[in-house]
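In what follows, a single structure is set out as structure tokens and then discussed.
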Amino acid sequence: MQIGYKLASEAFGPQELIRQAVRAEQAGFDFVEMSDHYHPWLEVQGHSCFTWSALGAIAAKTSTLGLATGVTCPSVRYHPAIIAQAAATLALISDGRFTLGVGAGERLNEHVVGQGFPSVRGRHERLREALEIIRLLWQGGYQSYEGRHLQLEDARVWDLPDTPPVIAVAASGRSSAATAAELGDGLFATEPKSSIVAHYREAGGQGPRYAEVPMAWASDEEQAVRAAKETSRWAVTGWKVMSELPNPVNFDAATVWVEEQHIRQQFSVGPDPEPHLAKAKAYVEAGFDHIVLQNAGPDPDGFLDFCQGGFVDRVRALG
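Under the numbering used here, residues 1 to 319 are what the sequence shown spells out, in order.
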């Protein structure tokens, strides 16, 4: 069982994210996981730095902390050849501490390059092709690829680690879990559904299983609820909405209906460790073994102190 800390690139600037990562290592976390966005979810969040630069700086300022993208889309805003090179470089810089988390993407980030955003089927076809290209380039030498959606012409990644990074593929159902088993080394999910893990294992998947646990820590329960509603209410909209809206202003409009009761249903809230532990336990019982604590509360340092004070060890003991 490994415990991770979510670095919210939409909520904090790059220097603050680097500082939080260093604190997370000191607090006893095994790894940090960082979202890879072009836009924040909501205007009020106000940030969205280039994740790969921040992760490189974190690698240089830490010594044991694992690093992961959670997740990047390697097939629209980026070409997979670029991600293959970026991930290989980060694996070298971090001495093998990097995990490449990938997914099919959201319109929020991918539409910005002016190529539109594919249908659900189209984006998953592109993800498969992207994974095949990344694997091909990590074999070394000059490589070419002709896919339905993506092409590669006579490309080579020159700086490769001896052992390629683990690839954890985001999944929400049988088909995507099968892709994670076939073309990835691990699984990534955001819901405590044992069926996702079961589909992954049925398809032959045997790697690490990452999951994000939504929580909002604060010294006062009402303060935690208010903070989560202000900055993280997008999380209650569901994936059909989250993957399709193009800009933060659209998420602002789509979440005007969210009330405190909806936040309490989505997040564990407040200073008491028991609700947070119960929330994490649901993911452990669903079969996940890399548990990412995703704090939507207003005080990251207070949360890190809370984790260092024994909470991380209690979550780890669940496994």
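All residues carry an ideal CB built from backbone N, CA and C; glycine is no exception.
1. Quick check on residue 209: buried or exposed, where buried means 16 or more other Cβ atoms within 10 Å of its Cβ?
2. Return the Cβ separation of residue 290 and residue 20 in integer angstroms, given the expectation that the two are a contact with Cβ distance under 8 Å.
3. Measuring CB to CB, does residue 185 end up less than 9 Å from residue 157?
4. Applying the criterion that 16 or more other CB atoms from any shown protein chain within 10 Å of the CB defines a buried residue, is residue 196 buried or exposed?
5. Need the endpoints of the alpha helix (DSSP H) that residue 200 sits in, please.
6. Quick one: give me the first and last residue of the beta strand (DSSP E) that residue 283 is part of.
7. By how many angstroms is the C-alpha of residue 227 removed from the C-alpha of residue 83?
8. Could you say if the stretch 223-239 and the stretch 274-292 meet the contact criterion of at least three C-beta pairs nearer than 8 Å?
9. Is the distance from the Cβ of residue 161 to the Cβ of residue 92 below 9 Å?
10. On the DSSP bridge list, what partners appear for residue 240?
11. Between which two residues does the alpha helix (DSSP H) holding residue 22 run?
12. Could you check if residue 309 is buried or exposed, using at least 16 other CB atoms within 10 Å of its CB as the buried criterion?
13. Judging by CA-CA distance, which residue of 132, 41, 139 is the nearest neighbour of residue 163?
14. Under the DSSP definition of a beta bridge, which residues are partnered with residue 78?
15. Buried or exposed: residue 229, going by 16 or more other Cβ atoms within 10 Å of its Cβ?
16. What is the residue span of the alpha helix (DSSP H) that residue 251 lies within?
17. Determine the DSSP secondary structure at residue 166, reduced to helix, strand or coil.
18. Using a Cβ-Cβ cutoff of less than 6 Å, which residues in the same chain neighbour residue 117 once the five nearest sequence positions on both sides are dropped?
19. Tell me where the beta strand (DSSP E) around residue 98 begins and ends.
20. Rounded to a whole number of angstroms, what is the C-alpha to C-alpha distance between residue 81 and residue 270?
21. Cutting at 7 Å between CB atoms, please list the residues of its own chain near residue 159, excluding the five before and the five after it.
22. Taking C-beta to C-beta, are residue 319 and residue 194 nearer than 9 Å?
23. Rounded to whole angstroms, what is the Cα-Cα separation between residue 232 and residue 259?
24. Considering only residues of the stretch 105-145, which uninterrupted alpha helix (DSSP H) runs meet the minimum length of 4 residues and lie entirely inside it, listed in chain order?
25. Residue 75 and residue 123: beta carbons closer than 9 Å?
26. Roughly how many angstroms separate the alpha carbons of residue 151 and residue 73, rounded to a whole number?
27. According to DSSP, residue 214 sits in a beta bridge with which residue or residues?
28. From 5, 78, 155, 315, pick the residue whose C-alpha is nearest to that of residue 283; which is it?
29. Looking only at its chain, what residues have a beta carbon closer than 6 Å to the beta carbon of residue 243, apart from the 5 residues adjacent to it on each side?
30. Quick one, which of 113, 79, 95 has its alpha-carbon nearest residue 131's?
31. Which same chain residues end up closer than 7 Å to residue 248 when comparing Cβ atoms and leaving out the 5 residues on each side of it in sequence?
32. If you reduce the DSSP assignment to three classes, tell me which class residue 183 lands in.
33. Only counting the same chain, and skipping five residues up and downstream in sequence, which positions put a Cβ closer than 8 Å to that of residue 145?
For this structure:
1. Under the 10 Å beta carbon count, residue 209 is surrounded by 16 or more other beta carbons and is classified as buried.
2. Residue 290 to residue 20, Cβ: 19 Å. No contact.
3. no
4. buried
5. 194-202
6. From DSSP, residue 283 is part of no beta strand (DSSP E) but of the alpha helix (DSSP H) over 273-285.
7. 34 Å
8. no
9. yes
10. Beta-bridge pairing links residue 240 to no other residue.
11. Residues 14-26.
12. exposed
13. 139
14. Partner(s): none; residue 78 has no beta bridge.
15. Note on residue 229: 16 or more other CB atoms within 10 angstroms of its CB, so buried under the neighbour-count rule.
16. 248-254
17. Here residue 166 sits in strand by DSSP.
18. 107, 110, 111
19. 98-102
20. 43 Å
21. 88, 89, 92
22. no
23. The alpha-carbon separation between residue 232 and residue 259 amounts to approximately 12 Å.
24. 107-110, 120-137
25. yes
26. 16 Å
27. For residue 214, which the question treats as bridged, DSSP gives the partners 294.
28. 315
29. 106
30. 79
31. 39, 40, 41, 42, 43
32. Note: residue 183 maps to helix in three-state DSSP.
33. Around residue 145: 129, 132, 133, 136, 151, 152.
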